[in-house]
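Chains A and B are the protein sequences, given in the same order. Per the UniProt record's numbering: the first sequence = residues 1 to 95. Per the UniProt record's numbering: the second sequence = residues 1 to 486. We put the beta carbon where it would ideally sit given N, CA and C, even for glycine.
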Amino acid sequence: MALEPQDVQRAAHLARLGLDDNDADRYVDDLTRILEMADQLQAVDTDGVAPLAHPLDATQRLRADEVTETDQRERFQRNAPAVENGLYLVPRVVE
Amino acid sequence: MHDMTLTELARALEAGEFTSRQLTESLLERIEHLDGELNSFISVTAEQALAAADAADDARTRGEAGPLTGLPLALKDIFCTEGVKTSCGSKMLDNFIAPYDANVVEKLKAAGTVSLGKTNMDEFAMGSSNENSHYGPVKNPWDLSAVPGGSSGGSAAAVAAGLVPAALGTDTGGSIRQPAAFCGITGLKPTYGRVSRYGMVAYASSLDQAGPMARTAEDCALLLSAIAGHDLRDSTSVARGVPDYRAELGTSLSGLKIGLPKEYFGDGLDPAVESAIREAVKVYESLGATVQEVSLPHTHHAIPAYYVIAPAEASSNLSRYDGVRFGHRCDAPKDLEDLYKRSRAEGFGDEVKRRILIGTHTLSEGFFDAYYKKAQQVRRLIRQDFMDAFEEVDVLMGPSTPTPAFDLGANKDPVSMYLQDIYTIAINLAGIPGISVPAGNVDGRPVGLQILGPHFAESQLLNVAHQFQQVTDWHQQRPAFGKENA
């Protein structure tokens with residue numbers, strides 16, 4: 001199916017990916033061709049075929065609900081762009 | 001010593017012919033001289049390498065050396081390495097110093113190996129040419145106008161150029177096997193779940209798998225024994241014992257049943273590559289194997305299924321790069337949404353954005369069943385093709401790639417680039433193991449033979465590859481690049 005620039009902008013917004021209109025126009029063509037390729041799948045008869053999410057058909061392993069991680073906040077926050085008093089800083093959200 | 005295999009180096013270290021420090025210094029010097037042109041490393045960790053080499057030499061003096069002690073290698077820059085930049089080839093992570101080691105890195109350190117640094121790659125492992133790296137393209141040492149393949153292009157080029165005897169790569173749709181083929185080395189993608197993904201930057205979690213890239217199948221066996229095994233921190237890692245893969249290399253191939261998938265020898269295959277592969281198959285017949293044609297009828301649906309599933313998983317995995325906790329953050333965001341959008345717009349490259357957009361679109365309301373669910377159904381049919389084939393034969397063989405390495409800049413169009421992975425991509429969807437082995441050379445560019453087996457048949461694949469390398473010398477050929485620095 002052919003995409004319109006607004007479809008690309010919609011996906012970009014959902015992905016919180018900034019795109020200006022020039023970018024969106026540029027991606028329309030590429031994404032349309034990728035989706036046209038994906039549309040070939042519609043020709044495959046998959047009636048009664050269960051979707052395969054894990055190549056070994058394994059299910060999620062569970063473990064006891066116990067604390068196994070230690071607090072390493074300072075260490076992990078060394079990679080953060082802005083922190084204060086152990087908190088991550090972002091622009092004001094609530095006025 | 002830059003020409004030796006891991007196995008030969010281990011023997012020489014054990015015999016005291018040189019120390020790990022001497023070996024490490026010699027390779028670091030070679031990297032210094034040659035990698036400016038090749039661009040196979042993003043970070044060279046000389047200081048840590050020399051410290052690890054000294055520790056390895058000390059362990060040997062104390063009589064505590066193991067099979068890998070003091071052996072140098074390199075890590076694709078997708079593996080978190082404590083205290084070292086782990087960029088994943090992206091501007092997004094250019095400032096990211098990993099606070100912990102990936103499981104495979106822990107294991108390789110514990111085994112006494114010496115990492116020389118982190119190798120270049122397509123950004124977030126998305127690419128087939130290594131041209132999508134924030135740190136610039138890698139060149140193929142066999143021909144500097146050719147790509148090394150991708151996404152583990154830096155690892156493949158570094159091994160081929162004799163900068164390091166082995167490296168780790170990752171393979172989501174061919175990213176170990178295709179660059180191994182293009183660079184004339186041996187590369188193994190293990191069964192999904194065989195090697196822990198903990199600490200490996202995620203691209204498409206149901207497809208990603210780490211594996212060894214080296215000069216011989218024997219070296220791949222040595223490394224796989226070191227990195228494979230169950231890890232509680234990766235919920236998809238498989239609880240299954242790890243054999244000594246190298247000890248299982250001596251089996252005769254008499255009676256081995258080889259299947260040639262007819263879909264892997266059709267339109268689009270370079271005739272010179274086909275003839276090299278057919279010659280390799282004849283070598284196997286001379287070793288006592290029998291050959292028959294088989295069919296994998298859903299082969300041509302693998303690329304479409306992959307380009308739905310992988311971008312969908314990527315769009316979810318890459319949502320973590322929000323400019324808040326780590327990674328690139330834009331300057332002076334005016335609000336939180338601006339912070340997310342601009343940080344991600346600035347931090348990600350073109351191909352990554354394309355895949356995030358495709359994945360977000362196909363997972364969004366109204367499209368999910370038509371794309372994602374359909375692709376997962378087709379994925380089961382693709383896996384069934386392989387299971388049916390392995391009822392008839394022991395292994396499958398074919399070309400790793402439709403052509404030898406293409407020129408830098410030759411595939412500007414994304415869809416034509418995707419089609420390069422026609423022979424490798426279905427293997428990840430099925431979760432089975434595959435290995436690429438040097439098997440020819442066309443106009444100075446190597447050809448890779450791909451060998452596939454059922455889930456957890458790594459021992460067999462490695463042995464089948466090893467037996468070929470006992471009677472052929474394709475794996476011993478080296479590019480002219482870097483010879484004068486021997």
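Sequence-distant residues of the same chain with beta carbon closer than 6 Å to residue i, five excluded per side
i, result
"Leu94(B)", "The displayed chain sequence assigns Asp, not Leu, to residue 94(B). Answer for Asp94(B): Ser87, listed in chain order."
"Arg379(B)", "Ala305 and Leu429"
"Gly411(B)", "A small correction: the amino acid at residue 411(B) is Asn; Gly does not occupy that position in the sequence shown. Within the same chain, Asn411(B) has close Cβ partners Met417."
"Ala12(A)", "Leu19"
"Tyr203(B)", "Phe124, Ala125, Thr172 and Ala314"
"Leu28(B)", "Ala46"
"Asp394(B)", "Leu256 and Lys257"
Own chain residues within Cβ distance below 7 Å of residue i, not counting five before or after
i, result
"Gln467(B)", "Leu253 and Leu287"
"Asn140(B)", "Ala146, Val147, Pro148, Ala157, Phe182, Cys183 and Ala405"
"Asp3(B)", "Gly162 and Arg478"
"Leu363(B)", "Ala312, Ser315 and Tyr372"
"Leu269(B)", "Pro399 and Pro402"
"Val283(B)", "Phe468, Val471 and Thr472"
Reduced DSSP category for residue i - H, G, I as helix; E, B as strand; rest coil
i, result
"Glu218(B)", "helix"
"Phe406(B)", "coil"
"Ser205(B)", "coil"
"Ile78(B)", "coil"
"Asn95(B)", "coil"
"Lys189(B)", "strand"
"Met213(B)", "strand"
"Pro311(B)", "helix"
"Met200(B)", "strand"
"residue 504(B)", "An answer regarding residue 504(B) cannot be provided, because it is not within the stretch 1 to 486 covered by chain B."
"Val195(B)", "strand"
"Val90(A)", "coil"
"Leu108(B)", "helix"
"Leu31(A)", "helix"
"Gln292(B)", "strand"
Residue-level contact to chain B via CB, residue i, 7 Å cutoff
i, result
"Gln40(A)", "yes"
"Pro51(A)", "yes"
"Gly18(A)", "yes"
"Asp57(A)", "no"
"Thr70(A)", "no"
"Arg73(A)", "no"
"Ala11(A)", "yes"
"Val44(A)", "yes"
Where residue i meets chain B, residues with beta-carbon distance less than 8 Å
i, result
"Gln60(A)", "Ser235"
"Arg78(A)", "Ile97 and Pro99"
"Leu14(A)", "Thr360 and Ser364"
Neighbouring residues, chain B, relative to residue i (Cβ below 9 Å)
i, result
"Val93(A)", "Asp335 and Leu336"
"Thr32(A)", "Neighbours of Thr32(A) on chain B: none; closest Cβ ~10 Å, over 9 Å."
"Asp7(A)", "His361"
Interface flag, residue i vs chain A, CB-CB below 7 Å
i, result
"Gly83(B)", "no"
"Arg194(B)", "no"
"Ala345(B)", "yes"
"Leu357(B)", "yes"
"Gly431(B)", "yes"
"Arg380(B)", "yes"
"Pro414(B)", "yes"
"Arg342(B)", "yes"
"Pro304(B)", "yes"
"Arg329(B)", "yes"
"Val308(B)", "yes"
Chain A residues whose Cβ lies nearer than 7 Å to that of residue i
i, result
"Phe326(B)", "Asn79 and Ala80"
"Ser286(B)", "Those within 7 Å of Ser286(B) in chain A number zero; the least Cβ separation is about 34 Å."
"Gln450(B)", "Those within 7 Å of Gln450(B) in chain A number zero; the least Cβ separation is about 18 Å."
"Gln376(B)", "Pro51, Leu52 and Ala53"
"His455(B)", "Leu56"
Under 7 Å by beta carbon: chain B residues contacting residue i
i, result
"Ala64(A)", "Simply none; closest approach about 11 Å."
Neighbour flag for residue i against chain C, beta carbons, 7 Å
i, result
"Thr360(B)", "Included in the structure are the protein chains A and B, with no chain C among them."
Amino acids of chain A, ordered along the chain, whose beta-carbon sits closer than 8 Å to that of residue i
i, result
"Lys373(B)", "Pro51"
"Leu339(B)", "Val90 and Pro91"
"Arg354(B)", "Tyr27, Asp30, Leu31 and Ile34"
"Val105(B)", "Simply none; closest approach about 17 Å."
"His301(B)", "Gln40, Leu41 and Val44"
Interface residues of chain A facing residue i [CB-CB closer than 9 Å]
i, result
"Gln420(B)", "By Cβ distance, chain A contributes nothing, its closest Cβ being about 14 Å from Gln420(B), past 9 Å."
"Gly323(B)", "Pro81 and Val90"
Cutoff 8 Å; reference residue i; Cβ partners in own chain excluding five residues on either side
i, result
"Ile303(B)", "Tyr418, Leu419, Asp421, Ile422 and Ile425"
**Those runs of the beta strand (DSSP E) which lie wholly inside the segment 111 to 182 of chain B and span at least 3 residues** = 114 to 119 and 166 to 170
**Item:** Segments of 3+ residues assigned as beta strand (DSSP E) that fall wholly inside the segment 336 to 402 of chain B
**Value:** 395 to 399
**Request:** Give, in chain order, every unbroken run of the alpha helix (DSSP H) that is at least 4 residues long and sits entirely within the segment 9 to 69 of chain B.
**Result:** 20 to 38 and 46 to 61
**Item:** In chain order, each beta strand (DSSP E) run of at least 3 residues that lies wholly inside the segment 444 to 479 of chain B
**Value:** 445 to 452
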